[in-house]
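Numbering follows my numbering, in which position 216 of the sequence shown is assigned residue number 213; successive positions increment by one, without gaps.
Working notes, beginning with the structure itself.
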Amino acid sequence: MDNVSIVRIFILTGLNETNNYRVALFTFTLLYYCMILFFNLTIIMIIILDKNLHEPMYILLCSFCINGLYGTAGFYPKFIFDLLSSSHVISYEACLLQAFVMYSSACSDLSILAVMAYDRYLAICRPLHYRSFMTKRRVCQMVCFSWITPLCIFSINVVLTSRLRLCSTNMKKILCVNWIIVKLACPNTNTFLNNIFAYFTIFLYVSHGFFVIWTYMHLIQTSVRSKDDRVKFMQTCVPHLASLSTFVSIIIIDFMSMRFGSTDLPQSLQNFISIEFLLNLFFTIYYDICVKVCVFT
């Protein structure tokens, strides 16, 4: 244990197979990131400047877009730089920061989507109680909860990970992942607390998913009763449901591949699984556009 050197950098070996199509990948990634910035910033500015949109659904949507900018900022600038660089390294501190940003953003997304589902549940299933409950103050409290809870949880995760003594610097990923850092710990290192806290986090956010399923069961039951409710459901809930379903499916695939996936998988497939949940931002953009169309029609 005393002979193990302190790790100060990680080598992201996941990018080693991108040499043959690096220019094309750089062009596509840069274009995609610009689209994310443009659409999310546009929606944020529209909601901020138009006082008619200072309603719970649009405040939550604005928070969703801001979180999208926060999460993508933790990955795309570094990834774009690595595509132009011959050495794919990241410092220990920057790696922990990237892991913190990526996972706190993903869990904030899930929390905000759960609050959105509850907002739609009240609007469609309990319309008489909607205004009295979904006040601006309460919406702000929900938004703060959606942000502060993941930030606190993953701050603890990072602290637990930072105490580990690592025996390897090779990370077979294109980005830093907290669980992968834990797996680089020396064989005799105690990772019990990391595992316990990781499963607690999984349980907490899986419960978010079950809550959303519960709200949508009631939404669907209510929406089939009248034409107006069906139209409202199609306009505001179907894009949300598509984004949520894609997000949860991708997170589950990514989690299963990291925890139980085979190490013999081709590196290109591992890269695709790693970056796949980031591509969910496409569905965030799709959701934003759908809501924007509903606003102006």
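Built from N, CA and C at the ideal position, the CB exists for glycine as well.
From a predicted model like this one, the values you see are computed outputs, not experimental measurements.
Check: Are L80 and R19 touching if we call contact CB-CB under 7 Å?
Finding: Along the sequence shown, read from residue 1 onward, the residue named residue 80 stands at position 83. Along the sequence shown, read from residue 1 onward, the residue named residue 19 stands at position 22. Cβ atoms of L80 and R19: closer than 7 Å.
Notebook entry, point to check: Cα separation between L181 and M54?
Noted result: Position 184 of the sequence shown, counted from the start, is the residue given in the question as residue 181. Position 57 of the sequence shown, counted from the start, is the residue given in the question as residue 54. When rounded, the distance between both Cα atoms is 43 Å.
Note to self: Between which two residues does the beta strand (DSSP E) holding F7 run?
What the structure shows: Position 10 of the sequence shown, counted from the first residue, corresponds to residue 7. Counting along the chain, the beta strand (DSSP E) containing F7 begins and ends at I6 to L9.
Notebook entry, point to check: Nearest-angstrom Cα distance between L190 and L157?
Noted result: Here residue 190 is taken as the residue at index 193 of the sequence shown, counted from 1. Here residue 157 is taken as the residue at index 160 of the sequence shown, counted from 1. The alpha-carbon atoms of L190 and L157 are separated by roughly 7 Å.
Checklist line | Outcome for R128 when other beta-carbon atoms lying within 10 angstroms are tallied against a minimum of 16 | finding: Here residue 128 corresponds to residue number 131 of the sequence shown, with the count starting at 1. Exposed, by the Cβ-count rule.
Check: Roughly how many angstroms lie between the CA atoms of C31 and N49, to the nearest whole one?
Finding: Your numbering for residue 31 matches position 34 in the sequence shown. Your numbering for residue 49 matches position 52 in the sequence shown. One C-alpha to the other measures close to 28 Å.
Checklist line | V174 - containing alpha helix (DSSP H), residue span | finding: Within the sequence shown, residue 174 is the residue found at index 177, counting from 1. From DSSP, V174 is part of no alpha helix (DSSP H); its letter is neither H nor E.
Notebook entry, point to check: Under the DSSP definition of a beta bridge, which residues are partnered with V86?
Noted result: Mapped onto the sequence shown, residue 86 falls at position 89. DSSP, once it has assigned bridges, lists I8 as partnering V86.
Check: Pairing CB atoms from the region 131 to 145 with CB atoms from the region 82 to 97, are three or more of them under 8 Å?
Finding: no
Next item on the list: Could you please give me the residues that DSSP links to N167 through a beta bridge?
Entry: Here residue 167 is taken as the residue at index 170 of the sequence shown, counted from 1. BP columns for N167 point to I8.
Notebook entry, point to check: Hey, S204 and S143: beta-carbon distance below 7 Å or not?
Noted result: Numbered from its first residue, the sequence shown carries residue 204 at position 207. Numbered from its first residue, the sequence shown carries residue 143 at position 146. Not in contact: S204 and S143 (Cβ atoms no closer than 7 Å).
Check: Alpha carbon to alpha carbon, what distance is there between V209 and Y196?
Finding: For the purposes of this step, residue 196 is identified with residue 199 of the sequence shown, where counting begins at 1. For the purposes of this step, residue 209 is identified with residue 212 of the sequence shown, where counting begins at 1. So the alpha carbons of these two residues sit roughly 20 Å apart.
Next item on the list: Report the rounded CA-to-CA distance for L58 versus S152, giving the unit in angstroms.
Entry: Numbered from its first residue, the sequence shown carries residue 58 at position 61. Numbered from its first residue, the sequence shown carries residue 152 at position 155. In a straight line, the C-alpha of L58 is about 25 Å away from that of S152.
Next item on the list: Sort out for me which residues DSSP pairs A111 with in a bridge.
Entry: The residue you call residue 111 lines up with position 114 of the sequence shown. Partner(s): none; A111 has no beta bridge.
Next item on the list: Quick one: give me the first and last residue of the alpha helix (DSSP H) that H51 is part of.
Entry: What you label residue 51 is simply residue 54 of the sequence shown in a count that begins at 1. Per DSSP, H51 belongs to no alpha helix (DSSP H) and is neither H nor E.
Next item on the list: With DSSP as the reference, please indicate the residues paired to A182 in a beta bridge.
Entry: Residue numbering aside, residue 182 sits at position 185 when the sequence shown is read from its first letter. A182 is bridged to L163.
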